[in-house]
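Student: Can you read through this structure? Questions will come right after.
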Amino acid sequence: MSRRHLSSSETQALFDQYVIGNYRRYGVNLVRGVGSEVWDAEERRYVDFFPGWGCNLLGHCPARVVEAVREQVGQLIHVPNTWMMESQGIWARMLAERSFDGQAFFCNSGTEANEAAIKLARLHTPAERYKIISFTGGFHGRTLGSLTATAQPKYHEGLGPMAAGFVYAPFGDLEAVRKLVDAETCGILVEPIQGEGGVNLPPDGFLPGLREICDEHGLILMFDEVQTGCGRTGEWFGYQHFGVVPDVLSLAKSLCGGIAGGAILARREVAPSLRPGMHAATFGGNPIASVAGIAAIETIEDEGLLGRAKELADRFQQRFESWRSRFDFIDDIRIAGLMIGLQLSIDGAGVVQKCLENGLLINCTQGTVLRLLPAMNLEDSLFEEGCDILESSLAEVASSLTTS
0 MSRRHLSSSE TQALFDQYVI GNYRRYGVNL VRGVGSEVWD AEERRYVDFF PGWGCNLLGH
60 CPARVVEAVR EQVGQLIHVP NTWMMESQGI WARMLAERSF DGQAFFCNSG TEANEAAIKL
120 ARLHTPAERY KIISFTGGFH GRTLGSLTAT AQPKYHEGLG PMAAGFVYAP FGDLEAVRKL
180 VDAETCGILV EPIQGEGGVN LPPDGFLPGL REICDEHGLI LMFDEVQTGC GRTGEWFGYQ
240 HFGVVPDVLS LAKSLCGGIA GGAILARREV APSLRPGMHA ATFGGNPIAS VAGIAAIETI
300 EDEGLLGRAK ELADRFQQRF ESWRSRFDFI DDIRIAGLMI GLQLSIDGAG VVQKCLENGL
360 LINCTQGTVL RLLPAMNLED SLFEEGCDIL ESSLAEVASS LTTS
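Start counting the sequence shown at 0; every next residue gets the next number (numbering that gives the first Met the number 0).
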């Protein structure tokens, strides 16, 4: 039996009174979605080019994930990790078969995955080695360790002192990395392609250079693939574009097709250092997340969605390139599969708001980068509709700039 949803304004009042205001929320109560479409309580429809902040890589409510979760929730919802679960073991094997020969630890989110990677790097190296090098513009999560690894001072304000042992290098600068390595360094943590930092691609040779530095000094190379993993870039994992295999890989966001889930994958020589008693996640790899993760992988493969992601990337590139002569405030177009950044020379918040008013959901990061993380099964008709809305919204903003 369906129930009446609260209106967006009623929901806003509820949030104002009872929910901590740590998010800047739009005054829209979303109530249902399918694929790349979502509806609010007033039955207004939106095309979603940023579903679930990248978690819904298969769109809203993918059929196989929904069915797997429905079946599982009637059999077993949760058991602790002191017991084994068939689905968790199968899921770990499926991830290893698509990445590198290693083992998995399961958690619930990207920040938890990165915390596990940080601990593993320190545990696997001698006790005097504890420093980790990360990069300006990177983003690794909100818990204290992963937040300290996030080399963006705006996220550190009011939270000091930060965790000890993190040093920062400019993204893409191998010489700076070499200068930071010392006898206390244990590892390097990097996003192969920076997401929140503005969809920043690494310069040629940067990731292979990091691998060489780690091999030379006995360091652990950690790739944060919370955003790039699980097919987002057109390969199963972002590192597969660069011919570089990390020691530890962190995953989350789209890992379970929209269900909360996170993981690290670690090479077999490294994984045993995360020994009993040193780390845990109560809900990590639970039965619901495990079957959802399996269903997500099966959906991507059975529907040929890695190829679809590459096809859509080419179409976005062509469409956006055609706008350059029309909108002189488009400075750059950065696309890696379905990680899409449109660098503007103006503030992007107004464009996001116009898109919302016109029925399209997108994001702005770093103030001036329009960020799109569309579903890899985005339909052709919705691709065209969404791009039309974005183009008309850019035109409205351009018009306001010329008349102001």
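Beta carbons: idealized from backbone N, C-alpha and C, even for Gly. Since this is a predicted model, take the numbers as computed values, not measurements.
Which of the three DSSP states, helix, strand or coil, is assigned to Glu36?
Tutor: Strand.
Student: Could you tell me the distance, in whole angstroms, from the CA atom of Phe282 to the CA atom of Val396?
Tutor: 45 Å
Student: Three or more C-beta pairs closer than 8 Å, one from the region 128–135 and one from the region 158–172: is that the case here?
Tutor: yes
Student: With which residues is Gln74 paired in a DSSP beta bridge?
Tutor: Residue pairing of Gln74 in beta bridges, as defined by DSSP: absent, with no partner found.
Student: Inspect the CB distances between the region 37–56 and the region 1–10 and report whether three or more fall short of 8 Å.
Tutor: yes
Student: Applying the 10 Å Cβ sphere with the 16-neighbour rule, what's the burial state of Val247?
Tutor: Per the 10 Å Cβ criterion, buried.
Student: If we require 4 or more residues per run, which alpha helix (DSSP H) segments fall completely within the region 299–334?
Tutor: Along the region 299–334, the alpha helix (DSSP H) occurs as fully enclosed runs of 4 or more residues at 304–320, listed in sequence order.
Student: Between the Cα of Gly101 and those of Pro373, Ala270 and Thr142, spot the shortest distance and give me the residue it belongs to.
Tutor: Ala270
Student: What is the rounded straight-line gap between the Cα of Lys153 and the Cα of Thr147?
Tutor: 11 Å
Student: State yes or no: is the C-beta of Gly257 within less than 8 Å of the C-beta of Ala288?
Tutor: no
Student: Extract the residue ranges of the beta strand (DSSP E) inside the region 186–261, only unbroken runs of 3 or more that lie entirely within it.
Tutor: 219–223 and 247–250
Student: Determine the DSSP secondary structure at Ser133, reduced to helix, strand or coil.
Tutor: strand
Student: Less than 6 Å between C-beta atoms, sequence neighbours within five positions excluded: which residues of the same chain meet that for Ala116?
Tutor: Setting aside the 5 residues that flank it on each side, Ala116 is surrounded in the same chain by Met221, Val247, Ser249 and Ile263, each with a C-beta closer than 6 Å to its C-beta; the list follows chain order.
Student: Short of 6 Å in beta carbon distance, which residues of its chain neighbour His216, apart from the five on each side in sequence? Order them along the chain.
Tutor: Counting only Cβ-Cβ distances below 6 Å, and skipping sequence neighbours, we find Val180.
Student: Would you decide whether Tyr17 is buried or exposed? Buried here means 16 or more other CB atoms lie within 10 Å of its CB.
Tutor: exposed
Student: What is the DSSP secondary structure of Cys60, reduced to helix, strand or coil?
Tutor: In the structure shown, Cys60 sits in coil (DSSP, three-state: anything other than H, G, I, E or B).
Student: In the DSSP assignment, find the alpha helix (DSSP H) that holds Tyr154 and state where it starts and stops.
Tutor: Tyr154 -> no alpha helix (DSSP H), and no H or E assigned at all.
Student: Keeping to the same chain, check which residues put their C-beta closer than 6 Å to that of Ala91; ignore five residues upstream and five downstream.
Tutor: Apart from the 5 residues on each side of it in sequence, Ala91 sits with its Cβ closer than 6 Å to the Cβ of Ala103 in its chain, given in chain order.
Student: In the structure shown, what three-state DSSP assignment does Met0 receive?
Tutor: Confidence in Met0 is poor, its pLDDT being 43 and thus under 50, which makes the residue's placement unreliable; the coordinate value appears in the next sentence. If DSSP states are grouped into helix, strand and coil, Met0 belongs with coil.
Student: Using 8 Å for Cβ pairs, my map puts Asn113 next to Gly140. What's the rounded Cβ distance?
Tutor: 5 Å
Student: What separation, rounded to the nearest whole angstrom, lies between the Cα atoms of Gly485 and Lys309?
Tutor: Here the chain covers residues 0 to 403 and nothing more, so residue 485 does not appear.
Student: With distances taken from CA atoms, which of Ile293, Glu85 and Glu183 is nearest Pro125?
Tutor: Glu183
Student: Using DSSP with H/G/I as helix, E/B as strand and the rest coil, what is Ala126?
Tutor: Ala126 sits in coil when the DSSP states are folded into three classes, being neither helix nor strand.
Student: Given a cut-off of 8 Å, decide if Val33 and Leu359 are closer than it, judged by their beta-carbon atoms.
Tutor: no
Student: The alpha helix (DSSP H) spanning Leu158 covers which residue range?
Tutor: Leu158 -> no alpha helix (DSSP H), and no H or E assigned at all.
Student: Asn357 lies in the beta strand (DSSP E); which residues open and close that run?
Tutor: Premise fails: Asn357 lies in the alpha helix (DSSP H), Ala348 to Asn357, not in any beta strand (DSSP E).
Student: Taking the DSSP output, what are the residues bridged to Cys363?
Tutor: Under the DSSP definition of a beta bridge, Cys363 partners with Leu369.
Student: Mind checking whether Thr298 and Val72 have CB atoms under 8 Å apart?
Tutor: No, they are not a contact pair.
Student: Measuring CA to CA, which of Thr110, Leu254, Glu224 and Gln342 is closest to Phe326?
Tutor: Gln342
Student: I'd like to know whether the C-beta atoms of Leu75 and Pro286 end up nearer to each other than 8 Å.
Tutor: yes
Student: May I ask which residues mark the beginning and end of the beta strand (DSSP E) holding Cys106?
Tutor: Gly101 to Cys106
Student: Between Ala251, Ile219, Leu13 and Asp214, which has its C-alpha nearest Arg231's C-alpha?
Tutor: Ala251
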